[in-house]
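Top to bottom, those sequences are chains A and B. One point on numbering: in the numbering used here, the residue at position 5 of the first sequence is 5, and numbering is uninterrupted. One gets the numbering used here by counting positions in the second sequence from 1 and adding 1000 to each. Even glycine gets a Cβ: it sits at the ideal position worked out from N, Cα and C. Bear in mind that the values here come from a model prediction, so they are computed numbers and not experimental data.
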Amino acid sequence: MNDIHISAETDGQRFSLADGSASLLLVPRLGLTLPRYHFHIGRVVHAAQDLGLFRVQTTLLLGNDHTGQAELTDLRVAQGLAAAEQTAALWRLISAAQAAMAEKPADFGDWLVAELPGWRDAAGNSPVWQALGARFYAGDPLQAEARLGPAWRSHLAALLPRQAVYLSFLGEAAERRLAQPADAALAALAALQAAGFQPPAHARIDDGGPVLTWRIAGRAP
Amino acid sequence: MNHLLLRPVAAADLADLQRMAAASADGISSLPNDEAKLRRRIAASLQAFASPDDASGEETYLFVLEDLAAGRLVGCSGIAASAGFFDRFYSYRNEFVVHASAALGVSQRMHTLHLCHDLTGTTLLTSFYLDPGYEHGPAAQLLSRARLLFIKANAERFSERIAAESPGITDAAGQSPFWDAVGRRFFGMDYPEAEAVIGGRSRACIAELMPPSPVYVALLPEAAQWAIGQLHPVGELPFSILQDEGFDADTYIDIFDGGPTVDAPLASLRSVRLAREVEVRAEGDGPRRWQLLVRPQRAGFAAVLAEAGDGVTPADAQALGARPGERLLATPLHIGEAA
Chain A
1 MNDIHISAET DGQRFSLADG SASLLLVPRL GLTLPRYHFH IGRVVHAAQD LGLFRVQTTL
61 LLGNDHTGQA ELTDLRVAQG LAAAEQTAAL WRLISAAQAA MAEKPADFGD WLVAELPGWR
121 DAAGNSPVWQ ALGARFYAGD PLQAEARLGP AWRSHLAALL PRQAVYLSFL GEAAERRLAQ
181 PADAALAALA ALQAAGFQPP AHARIDDGGP VLTWRIAGRA P
Chain B
1001 MNHLLLRPVA AADLADLQRM AAASADGISS LPNDEAKLRR RIAASLQAFA SPDDASGEET
1061 YLFVLEDLAA GRLVGCSGIA ASAGFFDRFY SYRNEFVVHA SAALGVSQRM HTLHLCHDLT
1121 GTTLLTSFYL DPGYEHGPAA QLLSRARLLF IKANAERFSE RIAAESPGIT DAAGQSPFWD
1181 AVGRRFFGMD YPEAEAVIGG RSRACIAELM PPSPVYVALL PEAAQWAIGQ LHPVGELPFS
1241 ILQDEGFDAD TYIDIFDGGP TVDAPLASLR SVRLAREVEV RAEGDGPRRW QLLVRPQRAG
1301 FAAVLAEAGD GVTPADAQAL GARPGERLLA TPLHIGEAA
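Next comes the structure, spelled out in structure tokens:
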């Protein structure tokens, strides 16, 4: 019997499987000390009837949309497991976290957020980073993240445009990979989707990784 | 040099204007290569020069440069009283934003382009064209600068701020790297095609299709970054004259091709600052030097280049047909330019 253990940590509750094959952290409210930033993926239509033009543009708007919401973070799963087993293990933990949140809604934000790392090529390059972040921060993002931890993205945000960035400026590779997870996170994506998380309306500001949300049923949007 | 006369366009000049419009590079001149449009430009100019009404701002003035010795027109230039008269006039304004993070040890100036209407209502210098054979002489000085004296002398009909657009860089095939990186993403067509579509339409309605948020230059491909504020070679001569007049070329660029749009307060411009009124007298006096001489009245406006002293004689300004007692506007030219 692979029980779920719940233990208290500084930032929240850790949910883990007894056999150690998977765990995640449920944080009740995010971004209340250091601001947290995401890109909202929006849509703008530029239309001119007399020119026969109707162009749909995707925009990225830097913001703190998820401030105060609950977060599922630090999703870990034994990479040795088959993809379906990884998904099943994470799904159990996500469901348990959702249940904990539904049980004491007042202790949590209105919705649950989960960030996944963005897509990278075989050489480890992120097309979204190369097209956007790298134009504003010349240093190595992995080194910066190693030095600053997750706070790195809060500092990076200070260097990024505050106003809407039109995705089409970023080139085809970045357009295609925005809000796509790293291969290693595909199992986690499947687990989040199975647990009722909505398709990403936000992306991570460095590698463009998807940010998914789930709302407790019956809670006003 | 005395054989060059700048005067308002006349109905009989249509054929010459057509020749000039055809000779000026496609999409570069603001002179439409289209007979009906040229007829309308001429009619609008005749009206603007002759109308007794107060100015509304929609006036456009067109001047032609006549080589009296050769008996033909060799250039033209124009003024639009109020940029974007029927609508807004769009430009990109260069702005620099410092992005800094102490934790990351970064502080950098980021170049951004802001879509703006700053130049709406300013007076625009337009339609500069000069036959290539005259480019190395002083004709360009007369063609460009005389407009400024016309504006000064008829100031109530114009803005106190003057602007001028210059064509941006395009390649041999007419493609603009700035357009490819910016406009094309919102129009889905290439530059020559867009120019054709834009022709006859308000640029404002086109600009509505552009993103309202600032464009970060760092996000553009290198060729487009490099094209910002760069001139098409055909624009170099008129641009150099505007620079010499004291126009600022660093603030605005064209939203489509990234060419520089210059602007300045009229009173700050060299030809206007140095202009003085002179009376035509029978006897000249003072050291003789090259000057731009202008009969300033709206009806009857004319301008020539002449070597004259402080007192101007009828013989100095023969092409003007100036008579003793008449008052002209005069402004000195650099010796180098008049050579």
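query, result
"Short CB-CB distance (under 8 Å) between A:Ala130 and chain B", "According to the sequence displayed, residue 130 of chain A carries Gln and not Ala. No, A:Gln130 does not count as interfacial toward chain B."
"Residue closest to B:Leu1062, alpha-carbon to alpha-carbon, out of B:Val1074, B:Ala1055, B:Arg1072, B:Leu1046", "B:Leu1046"
"Rounded separation between B:Ala1043 and B:Ser1077 - CA only", "15 Å"
"Cross-strand partners of A:Phe39 (DSSP beta bridge)", "A:Leu62, A:Ala203"
"Extent of the continuous alpha helix (DSSP H) to which B:Asp1180 belongs", "1177 to 1181"
"Cutoff 8 Å: A:Tyr37 Cβ touching any chain D Cβ", "The chain labelled as chain D is not found among the protein chains of the depicted structure, namely A and B."
"Close beta carbons around A:Asp206, own chain, < 7 Å, minus the five adjacent residues each side", "Trp129, Gly133, Pro141, Arg153, Leu156"
"Any C-beta of chain B under 8 Å from that of A:Asp48", "With the sequence shown as reference, residue 48 of chain A is identified as Ala, and Asp is not the correct amino acid for it. By this cut-off, A:Ala48 is an interface position."
"8 Å Cβ cutoff met for B:Gly1219 and A:His46", "Here the sequence assigns Leu to residue 1219 of chain B, which means Gly is not the residue at that position. Cβ distance not < 8 Å, so B:Leu1219 and A:His46 don't count as in contact."
"In DSSP terms, what B:Ile1079 is bridged to", "B:Tyr1061, B:Leu1125"
"Inter-residue spacing [alpha-carbon to alpha-carbon] between A:Tyr166 and A:Thr59", "5 Å"
"Contact the region 1278 to 1293 of chain B vs the region 1184 to 1197 of chain B: 3+ CB pairs below 8 Å", "no"
"Complete runs of the beta strand (DSSP E) confined to the region 1018 to 1057 of chain B [at least 3 residues]", "none"
"Segment contact, 8 Å Cβ cut-off, at least three pairs: the region 1105 to 1117 of chain B with the region 145 to 152 of chain A", "no"
"Nearest-angstrom Cβ-Cβ length linking B:Leu1038 and B:Leu1329, presumed shorter than 8 Å", "Not quite, the Cβ-Cβ distance comes to about 29 Å (not below 8 Å), so this is no contact."
"Backbone CA spacing between B:Ala1339 and B:Leu1073 [nearest angstrom]", "With a pLDDT of 37 at B:Ala1339, under the threshold of 50, the modelled position of that residue is not reliable, and the figure given next carries that caveat. Near 22 Å, if we compare the C-alpha coordinates of B:Leu1073 and B:Ala1339."
"At least 3 beta-carbon pairs within less than 8 Å: the region 1245 to 1262 of chain B vs the region 1165 to 1182 of chain B", "yes"
"Length of the line joining the Cα atoms of A:Leu75 and A:Val211", "13 Å"
"CB of A:Leu116 within 8 Å of CB of A:Leu24, strictly", "no"
"Pairwise C-alpha distance: A:Ala174 and B:Val1215", "17 Å"
"Terminal residues of the alpha helix (DSSP H) in which A:Gln143 lies", "141 to 148"
"Outcome for B:Leu1274 when other beta-carbon atoms lying within 10 angstroms are tallied against a minimum of 16", "exposed"
"Inter-stretch contact at 8 Å, needing at least 3 Cβ pairs: the region 1315 to 1326 of chain B / the region 1290 to 1306 of chain B", "yes"
"Span separating the alpha-carbon of B:Glu1337 from that of B:Tyr1134", "Reliability of the predicted coordinates at B:Glu1337 is poor, the pLDDT of 45 falling under 50, and the value obtained from them is presented with this limitation in mind. Whole-angstrom Cα-Cα distance: 13 Å."
"Environment of B:Gly1321 [buried if 16+ CB atoms lie within 10 Å]", "exposed"
"Residue interval of the beta strand (DSSP E) (run including B:Trp1290)", "1289 to 1295"
"Where B:Arg1276 sits in the DSSP three-state scheme", "strand"
"Outcome for B:Val1009 when other beta-carbon atoms lying within 10 angstroms are tallied against a minimum of 16", "buried"
"Paired residues, beta bridge with A:Ile4 - DSSP", "A:Leu17"
"Contact under 8 Å by Cβ, B:Gly1235 with B:Pro1167", "yes"
"Residues that A:Ala47 bridges to, as DSSP identifies them", "A:Phe54"
"Range of the contiguous beta strand (DSSP E) that encloses B:Met1189", "Taken as a continuous stretch (DSSP letters only), B:Met1189 belongs to no beta strand (DSSP E), as it is neither H nor E."
"Check: A:Ala97 C-beta below 7 Å from any heavy atom of the ligand PLP", "No copy of the ligand PLP occurs in the structure displayed, which carries no ligand at all."
"Short CB-CB distance (under 8 Å) between A:Leu148 and chain B", "yes"
"B:Thr1112 - containing beta strand (DSSP E), residue span", "1106 to 1116"
"B:Ile1335 versus A:Ala158: straight-line alpha-carbon distance, rounded", "Note that B:Ile1335 has pLDDT 49, beneath the 50 cutoff, so the model's placement of it is unreliable and the number below is only indicative. Approximately 54 Å, taken between the alpha carbons."
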